[in-house]
Amino acid sequence: MNALGIINFEDNTVEIDGLGEYRPVPAMVFMGRYRIIDIMLSNMTNSGINSVQVYCKEKPRNLIEHLGSGQRYNINSKRGKLRVLYGEKMFSSLVYNTDIENFRLNMQYIERDPNPYVVIAPSYFVYPIDFTTVLKQHLDTNADVTVLYTSTNEAKTSFLNCDVVTVDKEKKITAFGKNRGNTKNRLISLEAYVMRKSLFIDLVEKAANTSSLYWFKDILADSVETLNIRGYQVRGYVACLNTLAEYYRNCMELKHPGISAQLFKADWPIYTQTSDTCPTHFSREGTAKDSVIANGCMIEGEVSGSILGRNVKIERGAIVHNCIIIGENVIGKNVHLENVVVDKYAEVKNIDKLVGTYSEPVYVKRRDRI
Amino acid sequence: MRSNNMVAMILAGGRGTRLFELTSKVAKPAVNFGGKYRIIDFPLSNCANSDISTVGVLTQYESILLNSYVARDHYWGLDTNDGGVYVLTPREKAQADFEVYQGTADAITQNIDFLDSIDPEYVLILSGDHIYKMNYAKMLGYHKVKGADATIAVLEVPMKEASRFGIMNTDKDNRIVEFEEKPANPKSNLASMGIYIFTYKTLRKYLIEDAKNKESKHDFGHDIIPQYIESGKNLFAYQFKGYWKDVGTIDSLWEANMDLLNTNNELDLADNTWKIYTEDVNALPQYIGPDAEVENSYITEGCVIEGCVKNSVLGTNVKVAKGARVIDSVIMPGTVIGENANVTRCIVAENMKIKDGAKYGHKKSEHIELVAKSGK
Chain A
1 MNALGIINFE DNTVEIDGLG EYRPVPAMVF MGRYRIIDIM LSNMTNSGIN SVQVYCKEKP
61 RNLIEHLGSG QRYNINSKRG KLRVLYGEKM FSSLVYNTDI ENFRLNMQYI ERDPNPYVVI
121 APSYFVYPID FTTVLKQHLD TNADVTVLYT STNEAKTSFL NCDVVTVDKE KKITAFGKNR
181 GNTKNRLISL EAYVMRKSLF IDLVEKAANT SSLYWFKDIL ADSVETLNIR GYQVRGYVAC
241 LNTLAEYYRN CMELKHPGIS AQLFKADWPI YTQTSDTCPT HFSREGTAKD SVIANGCMIE
301 GEVSGSILGR NVKIERGAIV HNCIIIGENV IGKNVHLENV VVDKYAEVKN IDKLVGTYSE
361 PVYVKRRDRI
Chain B
1001 MRSNNMVAMI LAGGRGTRLF ELTSKVAKPA VNFGGKYRII DFPLSNCANS DISTVGVLTQ
1061 YESILLNSYV ARDHYWGLDT NDGGVYVLTP REKAQADFEV YQGTADAITQ NIDFLDSIDP
1121 EYVLILSGDH IYKMNYAKML GYHKVKGADA TIAVLEVPMK EASRFGIMNT DKDNRIVEFE
1181 EKPANPKSNL ASMGIYIFTY KTLRKYLIED AKNKESKHDF GHDIIPQYIE SGKNLFAYQF
1241 KGYWKDVGTI DSLWEANMDL LNTNNELDLA DNTWKIYTED VNALPQYIGP DAEVENSYIT
1301 EGCVIEGCVK NSVLGTNVKV AKGARVIDSV IMPGTVIGEN ANVTRCIVAE NMKIKDGAKY
1361 GHKKSEHIEL VAKSGK
């Protein structure tokens, strides 16, 4: 596919409490062994995109370590390229740290790429997508920009603060707006765009000249009158991980193989880095039900309705119900956890009970000792 | 090759006939173990962890899978600039007839040109079909301190079993004075593990001599080591302590898998300082269903458990359907256990389809049943 892939970072409408304090959204652990970015990056490489730039808003350490050279994602180590890019001087400024500013600071890498098209998408929307079919529609419709969107009837509770689009009969986008949660049925923009690289560069410059607080989505919204912006509807599984509650709810739903098979498809593999952990060990006392469990765990207690990341130890008598345990954790003897998200390396040992609710799970900090 | 100046040569040509259908299409070193591993992952990971960067793997029997598997040296982090895994199969040569490897020593002799091109000071000879963790760097240190020409790793075995092994008789300095292959009346219980470190220059000389000897079986234990002893070379025994298992039979392969269920097992695959590396598969973490019963088991990625699993080891992507019971068994990767099927004291080979309601094995059977055909 003759396109440069750009994995954009999310704007300030996305805020995953707790987890988000320690790593950018793309680097968050997802379904026990993945990171959120694995989905979009695999989408791009499965579509035959061999050159990908990952833009990072802040805290790049985690992300750089996870992505490596890209070989794991089937990027050819000679011909292809996976770059993690960030706007160094912008790290300290929350307001000025826009995607536009980051693109401009790294413009030489965008310009130098020989591909005539760009595919831009953030990682916090997770769904399987073959970009070759998007590019084909883009060319067939003679569009200037093609915008991916999904149709939902749960806009009152999900996709809050996401962009919405209005499309006419020809799938031409006539307006962008915001989902404030007051209407059930909405068309949600997935903030994923396909266009000519030259147009992309022009729009970046135009945005910068308009306002230094502009994001790419802002200049696109300004251009609905002047450009031929078309919609491409993504059918099938789409989830938006923009708050802790939504992250929790979507992960809980994805536990079931019937649901996860819609995102992790047999013919559309999702790649990640291996950490060479041994299989999970259930002791004589350990039990699990309705749970997703990564490798390296030691289960001596009772686990139900939960997602366990790598190397989690559930000690005897512990009860872990409807929880997400991120990885490298110890849940001590007789501890009872319900609707809790336990961040990496945290150990919960000296407490009898910690209970949240499904819509408001309790968050236990990274490296915390409770 | 890094500063230790040692190349490892893994003998992986063995068929493993006592594993029956498990080795009908793959060599024994490629047989699955512990849910996600293949047996050869152990010596390869030990090499990586012992800072050995160049490894030759000598393959012969049914080697297609094994050759392509070990050639992916990045699985074990061996894809460095100065090292790598080299697949060494028998080949046609300009100056000699095409010959398969006649014995363990002949396999090395036929690759003297490879070793010369790397020019190592030491050669480590390993077997591709044992389960153990060992730091070869420490053994090399011992080899150097002793000023040895050859060092042989030995393991203490129960005296009553010693007649099943190649036994090293040593003096008080651990110098090997006699080697006896499967002695009827063993004088010691130090069994050879088939792990040797040779100083290459000397070994090269002995191999070339041995190749000329028409009486020789061209085998390290049978020919080379006795030659070393006879001519008064410095041979030392290096005593290994820890878990070591030759998984040559269905029963012993099953036992070694079952050892993983013991929380205090010496092999300790969860030890992060000495990981065993293997192929990474694109599989979701395991899913344990709402009606599943799992107890005392070792389960890996990609498994979906809806039935009952007890005292068992399950490989990657194994599915256990509703009402199925898997007891005291080893299920190899990709196998599906149908609804209400019952598998007890079995090893089920890779990618089998066990039909709904089928029954295999018995809880009081003397031997472990091998299930290597789909159906029933």
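These protein sequence lines are chains A and B, in that order.
When we follow the working numbering, the leftmost residue of the first sequence carries the number 1, and every step to the right adds one.
When we follow the working numbering, the leftmost residue of the second sequence carries the number 1001, and every step to the right adds one.
Backbone N, C-alpha and C fix where the C-beta goes; we use that ideal spot for every residue, glycine too.
From a predicted model like this one, the values you see are computed outputs, not experimental measurements.
Is the Cβ of R284 (chain A) closer than 7 Å to any Cβ of chain B? Put simply, the CB of R284 (chain A) is near chain B, with a gap under 7 Å to one of its CB atoms.
Nearest to M238 (chain A) by alpha carbon, out of A:K172, A:E88, A:Y149? The sequence given here has Val at residue 238 (chain A), not Met. The residue with the shortest Cα to Cα distance from V238 (chain A) is A:Y149.
Between the segment 11 to 31 of chain A and chain B, which residues of the former have a C-beta closer than 8 Å to a C-beta of the latter? So the close ones are M31.
Which of helix, strand or coil DSSP assigns to C251 (chain A): DSSP places C251 (chain A) in helix when its eight states are reduced to three.
Do you know how far the Cα of P128 (chain A) is from the Cα of A266 (chain A)? Cα to Cα, A266 (chain A) sits roughly 11 Å from P128 (chain A).
Between the segment 284 to 301 of chain A and chain B, which residues of the former have a C-beta closer than 7 Å to a C-beta of the latter? For the segment 284 to 301 of chain A, the set of residues with a beta-carbon nearer than 7 Å to any beta-carbon of chain B comprises R284, T287, A288, K289, D290, S291, V292, I293, A294, N295, G296, in chain order.
Mind checking T1273 (chain B): buried by the 16 CB within 10 Å criterion, or exposed? Classified as exposed, T1273 (chain B) has fewer than 16 neighbouring CB atoms from the shown chains inside 10 Å of its CB.
Within a Cβ cutoff of 8 Å, which residues of the same chain sit near S77 (chain A), ignoring the five residues on either side of it in sequence? S69, G70, Q71, listed in sequence order.
If contacts are defined as beta-carbon pairs under 8 Å, then I383 (chain A) and D368 (chain A) qualify, I think. What distance do you get, rounded to the angstrom? Outside the modelled stretch of chain A, which goes from 1 to 370, sits residue 383 (chain A), for which no answer is possible.
Within its chain, find whatever has a CB closer than 8 Å to the CB of Y34 (chain A); leave out the 5 residues flanking it on each side and keep chain order. Closer than 8 Å at Cβ, skipping near neighbours: I270, T272.
Tell me whether R1325 (chain B) is buried or exposed, calling it buried when 16 or more other Cβ atoms sit within 10 Å of its Cβ. When all chains shown are included, R1325 (chain B) counts as buried.
Excluding sequence positions up to five away, which residues of its chain have a Cβ less than 8 Å from the Cβ of D1251 (chain B)? The answer, listed in chain order, is H1367, I1368.
Would you say F176 (chain A) lies against chain B (beta-carbon separation less than 7 Å)? With 7 Å as the cut-off, F176 (chain A) does not count as an interface residue toward chain B.
Give a yes or no on whether the minimum CB-CB distance between I1299 (chain B) and chain A is below 7 Å. With 7 Å as the cut-off, I1299 (chain B) counts as an interface residue toward chain A.
Could you say which of B:V1313, B:Y1206, B:I1229 lies nearest to I1331 (chain B) if we only look at CA atoms? The shortest Cα separation from I1331 (chain B) among B:V1313, B:Y1206, B:I1229 belongs to B:V1313.
Taking only beta-carbon atoms, is I1337 (chain B) less than 7 Å away from chain A? For I1337 (chain B), no Cβ of chain A is located within less than 7 Å of the residue's own Cβ.
Could you give the distance in angstroms between the alpha-carbon of T1023 (chain B) and the alpha-carbon of I120 (chain A)? Straight through space, the alpha carbons of I120 (chain A) and T1023 (chain B) are spaced by roughly 49 Å.
From this set, A:D290, A:E285, A:N339, which residue's C-alpha is nearest I314 (chain A)'s C-alpha? Ranked by how close their Cα comes to the Cα of I314 (chain A), the residues A:D290, A:E285, A:N339 have A:E285 in first place.
Coil, strand or helix - C1303 (chain B) by DSSP: Here C1303 (chain B) sits in coil by DSSP.
Name the chain B residues whose beta carbon is nearer than 7 Å to that of R316 (chain A)? Here the premise fails: no neighbours, minimum Cβ distance about 12 Å.
Quick one: is A1153 (chain B) buried, meaning 16 or more other Cβ sit within 10 Å of its Cβ, or exposed? A1153 (chain B) comes out buried.
Against chain B, does H281 (chain A) count as a neighbour if the rule is that its beta carbon must be under 7 Å from one of theirs? Chain B contact via Cβ: present.
Note down the Cα distance separating N97 (chain A) from N209 (chain A), rounded to an integer number of angstroms. Taking the straight line from one Cα to the other gives about 16 Å.
Cβ of I1197 (chain B) within 7 Å of Cβ of D1129 (chain B)? No; because the gap between Cβ atoms is not below 7 Å, this pair is not in contact.
With distances taken between CB atoms, is the gap from F125 (chain A) to Y55 (chain A) smaller than 7 Å? Contact: no.
Output, in chain order, the set of chain A residues within a Cβ distance shorter than 7 Å of T1344 (chain B). Contact note: T1344 (chain B) does not reach chain A at a C-beta cutoff of 7 Å; the least C-beta distance is about 18 Å.
Count the other CB atoms, across all protein chains shown, that sit within 10 Å of the CB of N242 (chain A); report buried if there are 16 or more and exposed otherwise. The C-beta of N242 (chain A) has 16 or more other C-beta atoms within 10 Å across all chains shown, which makes the residue buried.
Partners in chain A for T1263 (chain B), counting only beta-carbon separations shorter than 7 Å: Neighbours of T1263 (chain B) on chain A, chain order: S283.
Enumerate in chain order the residues of its own chain whose CB-to-CB distance from C323 (chain A) is below 6 Å, with the five nearest sequence positions on each side excluded. Result list for C323 (chain A): S306, L337, V340, in chain order.
From which residue to which residue does the beta strand (DSSP E) around V1070 (chain B) run? Premise fails: V1070 (chain B) lies in the alpha helix (DSSP H), 1064 to 1071, not in any beta strand (DSSP E).
Does any CB atom of chain A fall closer than 7 Å to the CB of K1036 (chain B)? Interface flag for K1036 (chain B) against chain A is set, since a Cβ pair is found closer than 7 Å.
Classification of V95 (chain A) by the beta-carbon crowding that lies within 10 angstroms, buried from 16 upward: With fewer than 16 other Cβ atoms within 10 Å, it is exposed.
Cβ pair G181 (chain A), K156 (chain A) closer than 7 Å: Against a cut-off of 7 Å, the Cβ pair of K156 (chain A) and G181 (chain A) comes out as a contact.
Buried versus exposed, by CB contacts within 10 Å (16 or more), R310 (chain A): Classified as buried, R310 (chain A) has 16 or more neighbouring CB atoms from the shown chains inside 10 Å of its CB.
Under 7 Å between C-beta atoms, does P372 (chain A) make it to chain B? Only positions 1 to 370 of chain A appear in the structure, and residue 372 (chain A) is not among them; the question remains open.
Is the segment 1172 to 1182 of chain B in contact with the segment 1255 to 1270 of chain B, if contact means three or more CB pairs nearer than 8 Å? Contact between the segment 1172 to 1182 of chain B and the segment 1255 to 1270 of chain B is absent, with fewer than three C-beta pairs closer than 8 Å.
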